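Residue numbers (the numbering used here), protein chains in the order written: chain A, 1 to 313; chain B, 1 to 365.
First up is the structure itself, then whatever we jot down about it.
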Amino acid sequence: MSGFSVTEPSNRQKWIAAVLVILYALITIAPLLWIIATGFKSPEDAIAYPPKVLFEPSLEGYVNLFTTRTRITEGMQQTLPPPATWYQQIARDSGTMIAGPSRYGQRFLNSVVIGFGSTFLSIFFGTLAAYAFSRFRVPIKDDLLFFILSTRMMPPIAVAIPIFLMFRQLGLNDTQLGMILLYTAVNLSLAVWLLKGFIDEIPLEYEEAALIDGYTRFQAFYKVVLPQAATGIASTAIFCLIFAWNEYAFAVLLTSGTAQTAPPFIPTIIGVGGQDWPAVAAGATLFLIPVMIFTILLRKHLLRGITFGAVRK
Amino acid sequence: MAQIIIKNLRKDFGDFTAVKSSSFTIEDGEFFMLLGPSGCGKTTTLRMIAGLELPTSGEIYIDGEEVSQKRASHRDIAFVFQMFALYPHLNVRQNISYPLKSQGMSRAGIKAKVAEVAGILGIEDILNKPVGGLSGGDRQRIALGRAIVRDPKAFLMDEPLGALDAEFRERMAEELRALHDRMNATTVYVTHDQLEAMQMGDKIVVMNHGSVEQFGVPQEIYDWPASMFVATFIGSPSMNFLRFNGAVAKGDEAVMLDGNSISIPTLLEGCNGDIALGIRPEHVSFGESSPYRGEVIASEYLGTTRIVTLNTPNGPLKARTSSALNVTAGEIVGLQFNPDTITLFNEKTGAALLSVQNKGVLSDG
Numbered sequence: 001m002s003g004f005s006v007t008e009p010s011n012r013q014k015w016i017a018a019v020l021v022i023l024y025a026l027i028t029i030a031p032l033l034w035i036i037a038t039g040f041k042s043p044e045d046a047i048a049y050p051p052k053v054l055f056e057p058s059l060e061g062y063v064n065l066f067t068t069r070t071r072i073t074e075g076m077q078q079t080l081p082p083p084a085t086w087y088q089q090i091a092r093d094s095g096t097m098i099a100g101p102s103r104y105g106q107r108f109l110n111s112v113v114i115g116f117g118s119t120f121l122s123i124f125f126g127t128l129a130a131y132a133f134s135r136f137r138v139p140i141k142d143d144l145l146f147f148i149l150s151t152r153m154m155p156p157i158a159v160a161i162p163i164f165l166m167f168r169q170l171g172l173n174d175t176q177l178g179m180i181l182l183y184t185a186v187n188l189s190l191a192v193w194l195l196k197g198f199i200d201e202i203p204l205e206y207e208e209a210a211l212i213d214g215y216t217r218f219q220a221f222y223k224v225v226l227p228q229a230a231t232g233i234a235s236t237a238i239f240c241l242i243f244a245w246n247e248y249a250f251a252v253l254l255t256s257g258t259a260q261t262a263p264p265f266i267p268t269i270i271g272v273g274g275q276d277w278p279a280v281a282a283g284a285t286l287f288l289i290p291v292m293i294f295t296i297l298l299r300k301h302l303l304r305g306i307t308f309g310a311v312r313k
Numbered sequence: 001m002a003q004i005i006i007k008n009l010r011k012d013f014g015d016f017t018a019v020k021s022s023s024f025t026i027e028d029g030e031f032f033m034l035l036g037p038s039g040c041g042k043t044t045t046l047r048m049i050a051g052l053e054l055p056t057s058g059e060i061y062i063d064g065e066e067v068s069q070k071r072a073s074h075r076d077i078a079f080v081f082q083m084f085a086l087y088p089h090l091n092v093r094q095n096i097s098y099p100l101k102s103q104g105m106s107r108a109g110i111k112a113k114v115a116e117v118a119g120i121l122g123i124e125d126i127l128n129k130p131v132g133g134l135s136g137g138d139r140q141r142i143a144l145g146r147a148i149v150r151d152p153k154a155f156l157m158d159e160p161l162g163a164l165d166a167e168f169r170e171r172m173a174e175e176l177r178a179l180h181d182r183m184n185a186t187t188v189y190v191t192h193d194q195l196e197a198m199q200m201g202d203k204i205v206v207m208n209h210g211s212v213e214q215f216g217v218p219q220e221i222y223d224w225p226a227s228m229f230v231a232t233f234i235g236s237p238s239m240n241f242l243r244f245n246g247a248v249a250k251g252d253e254a255v256m257l258d259g260n261s262i263s264i265p266t267l268l269e270g271c272n273g274d275i276a277l278g279i280r281p282e283h284v285s286f287g288e289s290s291p292y293r294g295e296v297i298a299s300e301y302l303g304t305t306r307i308v309t310l311n312t313p314n315g316p317l318k319a320r321t322s323s324a325l326n327v328t329a330g331e332i333v334g335l336q337f338n339p340d341t342i343t344l345f346n347e348k349t350g351a352a353l354l355s356v357q358n359k360g361v362l363s364d365g
């Protein structure tokens, strides 16, 4: 084929692009694959040098993640009844006995409650505020919007100490409610700004048509505006959830017991019975799953969301 | 259906006055045009009638009830938007039935009503399609369907043909007018297209800079404009103005243009200073005997007629003549004006001077 096209890249360009994309994908996905693989290694394989790429898979990391164990001696091995379940068998094989469940499940649940709770609140208040900023004549609107944005101009952790003191006064330390409120406060500015952009793009006429068709302002909002803002709401929700889900610094500072989330908990596994890397990796792997599912479910919206408004229809 | 009365309606946006004290009456069943250039306040007026803007002052009566401060949803009117504003997440049937749902009509009732409206508009075959991929004409019909489905007191339309291409506009204009005649519904229609207004309207309000310039039936407005603005805005090419400085008095039957006496309708008021003699191009004819002369500059052949542009001692002039007439640029011709069609304007205020011919139209407007 001769000639040249403005829109169609040449075969060589396509090849170069493909190689670059694959290379980039491999580089970014390698640590993730490494973590997932480590979760299925035995402790010996996990710290083997040179690192083992091929290994015999083991569920020891996952068993260790969800249980607390006590070390048992050879002699005790003889006196104990044979293990009743497959996970007891795994623990026995590594010379330990399961003493009870670990706190990982509960920490994980904290993460779910706090992450999704704060995402819901951020989106709820963010949508209402964004709608008001977009549609109504709000006094000193620009100043308010700038103020809302300015809360993101420093790293949130810069206010850690005041927040710590404030939370102690209010009795919010180490509570799920406290963490939900904190993450909502941090995410809300982002939510308001993103959602205002999306709502600005929805023509006013749709609501006016609904008003004339006999609906109230609020009905027009949730029957006409919300369905059309779904794309923006979904992508904003993903951003909020990812922040709240992965947040580490505040979680370390403000939670230690009942409300502790998974991120500060996972590193503490290292200390239990030596450096249990497979258990840490297993904890990290499981921790990835909810946010991954959430993102995959909303992925269609996310892609449309971040390119939204780039091209006028 | 209902009569709509607008009284001293005014709307300010901060320091800017969009509508200054407008008053007019829309009779029951009338097809009423709000005509004017962009930014003249016609859309704001319509939105105030609809309840999408609240007036700063003034009154709006729909069917005898004062509604100026009522919610749009309580006025029982239908609005057709320029960009149609069909709900994109609903299909055609759901769009049309949306206003009925808010009234709490039964499912069976909605179904029957939507089928009836779809029949009127000829859109039965697309009822279950999403509105996204439809043509402009179909969207327009759906928007109309959503308006007529609930038998409102009045239809308000904001340049509903503005988003359609020229070919379709013509057809939709005819359909709209036919639909109106069939339903006999009070309709207020905003447009900036004077041809559309003349073609479809029973009555026209011409607005400019937020004020009503003139209000009446199309022919009266065309023949006897109340102001130089209306004379220019309506008609294509627009009315000619031959400008002179002088004085006219009540009872005058002629004016002097470049030393020639031109007959005019008997004046009922006088004026002193800059005056414009307004005459429509079709009322200018050529006659060798006429002492008032002009030089032909250009001649445009338009099929049925010919537009001849001339230079006169009182400024440029366009004449609409038979296309058979042959004139060439540079020719000097004598000009005759049909005296019963002339309007004099006070150039300073732009207002027409009352004469025996236009007093019937202007004194009650």
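For every residue, glycine included, the Cβ atom is placed at its ideal position computed from N, Cα and C.
The model shown is predicted, which means the values in this text are computed figures rather than measured ones.
Tyr131/A at chain D interface by Cβ criterion, 9 Å: No chain D appears in this structure, whose protein chains are A and B.
Quick check: the Cα distance between Ile233/A and Thr119/A, rounded to an integer number of angstroms? Roughly 11 Å separates the two Cα atoms.
Scan the region 36-89 of chain B and note each continuous alpha helix (DSSP H) run of 4 residues or more that stays entirely inside, going in chain order. Positions of the alpha helix (DSSP H) runs, each at least 4 residues long and wholly inside the region 36-89 of chain B, are given as 42-50 in order along the chain.
Quick one: which chain A residues come within Cβ less than 9 Å of Tyr189/B? By Cβ distance, chain A contributes nothing, its closest Cβ being about 16 Å from Tyr189/B, past 9 Å.
Residues of chain B with CB closer than 8 Å to the CB of Pro203/A, please, in chain order. Contact note: Pro203/A reaches chain B through Met83 and Ala85, using a C-beta cutoff of 8 Å and chain order.
First through last residue of the alpha helix (DSSP H) which encompasses Gly178/A: Per DSSP, Gly178/A is one residue of the alpha helix (DSSP H) stretching across Gln176 to Asp200.
Using DSSP's beta-bridge definition, name the partner residues of Leu344/B. DSSP output for Leu344/B lists Leu277/B as bridge partner(s).
Can the beta-carbon of Val224/A be found less than 9 Å from the beta-carbon of Tyr248/A? Note that the C-beta distance between Val224/A and Tyr248/A is not below 9 Å.
Of all the CB atoms in chain B, is at least one closer than 9 Å to the CB of Asp213/A? Interface annotation, Asp213/A: in contact with chain B, CB-CB separation under 9 Å.
Any beta carbon of chain B sitting closer than 9 Å to that of Gln88/A? No, Gln88/A lies away from the interface with chain B (no Cβ there is under 9 Å from its Cβ).
8 Å contact criterion, which Ala259/A and Asn64/A should meet: CB distance rounded: Between Asn64/A and Ala259/A the Cβ distance is about 24 Å, and since that is not below 8 Å, they are no contact.
Does the beta carbon of Gln357/B come closer than 9 Å to any beta carbon on chain A? Closer than 9 Å: no.
Using only CA atoms, which one of Tyr24/A, Ala18/A, Leu211/A and Pro43/A lies nearest to Ala282/A? When Tyr24/A, Ala18/A, Leu211/A and Pro43/A are compared, the shortest CA-CA separation from Ala282/A is found for Pro43/A.
In angstroms with no decimal places, state the Cα-to-Cα distance between Leu170/A and Ala163/B. Taking C-alpha positions only, Leu170/A is separated from Ala163/B by approximately 59 Å.
Short of 7 Å in beta carbon distance, which residues of its chain neighbour Lys70/B, apart from the five on each side in sequence? Order them along the chain. Excluding residues within five positions, the ones whose Cβ falls inside 7 Å are Gly51.
From Gly75/A to Gly95/A, what does the alpha carbon distance come to, in whole angstroms? Linking Gly75/A to Gly95/A through their CA atoms gives a straight-line distance of about 11 Å.
Which class does Lys313/A belong to by DSSP, given the choice of helix, strand or coil? Caution is warranted here: a pLDDT of 38 is assigned to Lys313/A, below 50, making its placement in the model unreliable, and no coordinate value can be reported.
Take Met198/B and list the residues in its own chain whose beta-carbon comes closer than 8 Å to its own, dropping the five residues that flank it on each side. The residues are Ile204, Pro218, Tyr222 and Ile234.
Just how far apart, CA to CA, sit Ala276/B and Phe244/B? Distance between the alpha carbons of Ala276/B and Phe244/B: 6 Å.
Straight-line CA distance for Val311/A to Gly39/A? Note on Val311/A: pLDDT 39, under 50, position unreliable in the model; no value is reported.
Determine the chain A residues that contact Ser102/B at a beta-carbon separation under 7 Å, and present them in chain order. Correct list: Asp213, Gly214 and Tyr215.
Span of the alpha helix (DSSP H), counted from its first residue to its last, around Lys11/B: First-last for Lys11/B: Ile4 to Phe13, but that is the beta strand (DSSP E), not the alpha helix (DSSP H).
Which one or two residues does DSSP pair with Thr187/B in a beta bridge? Per DSSP, Phe31/B and Phe155/B.
In the DSSP assignment, find the unbroken alpha helix (DSSP H) run with Gly75/A in it and report its ends. It spans Glu74 to Thr79 - the alpha helix (DSSP H) in which Gly75/A sits, taken as one unbroken run.
Rounded distance between the beta-carbons of Arg135/A and Ser189/A, thought under 8 Å: That belief does not hold up - the Cβ atoms of Ser189/A and Arg135/A are roughly 19 Å apart, past 8 Å.
Every unbroken beta strand (DSSP E) inside the region 96-171 of chain A [3 residues or more]: Correct list: 96-101.
Under a Cβ-count criterion, where at least 16 other Cβ atoms within 10 Å of its own Cβ denotes burial, should Met1/A be classed as buried or exposed? With a pLDDT of only 47 at Met1/A, under 50, the local geometry of the prediction cannot be trusted, and the value read off the model is given with reservation. Answer is exposed; the Cβ neighbour count stays below 16.
Extent of the continuous beta strand (DSSP E) run through Thr7/A: Thr7/A -> no beta strand (DSSP E), and no H or E assigned at all.
Please tell me whether Pro139/A has its Cβ less than 9 Å away from any Cβ of chain B. Residue-level contact check: Pro139/A does not touch chain B, since none of the beta carbons of chain B fall below 9 Å from its beta carbon.
Contact list for Leu179/B against chain A, beta-carbon separation under 8 Å: Chain A residues near Leu179/B: none, gap ~19 Å exceeds 8 Å.
Name, please, each residue of chain A whose Cβ falls closer than 8 Å to the Cβ of Leu52/B. Per Cβ cutoff of 8 Å: Glu208, Leu211 and Ile212.
Skipping 5 residues on each side, what residues in its chain have a beta carbon closer than 7 Å to that of Lys20/B? Non-local beta-carbon contacts of Lys20/B in its own chain, meaning distances under 7 Å to residues more than five positions away in sequence, involve Arg10, Gly210 and Ser211 in chain order.
Is there a Cβ of chain A sitting closer than 9 Å to that of Ser57/B, yes or no? Taking a beta-carbon distance threshold of 9 Å, Ser57/B does not count as an interface residue toward chain A.
So for Asn64/A, helix, strand or coil by DSSP? In this structure, Asn64/A counts as helix in the three-state DSSP scheme.
Name the chain B residues that come within less than 8 Å of Pro278/A, Cβ to Cβ? Simply none; closest approach about 48 Å.
To which residues of the same chain is Lys313/A closer than 6 Å at the C-beta, ignoring the five residues directly before and after it? In this prediction, Lys313/A scores a pLDDT of 38, lower than 50, which makes its location untrustworthy; no coordinate-derived value is stated.
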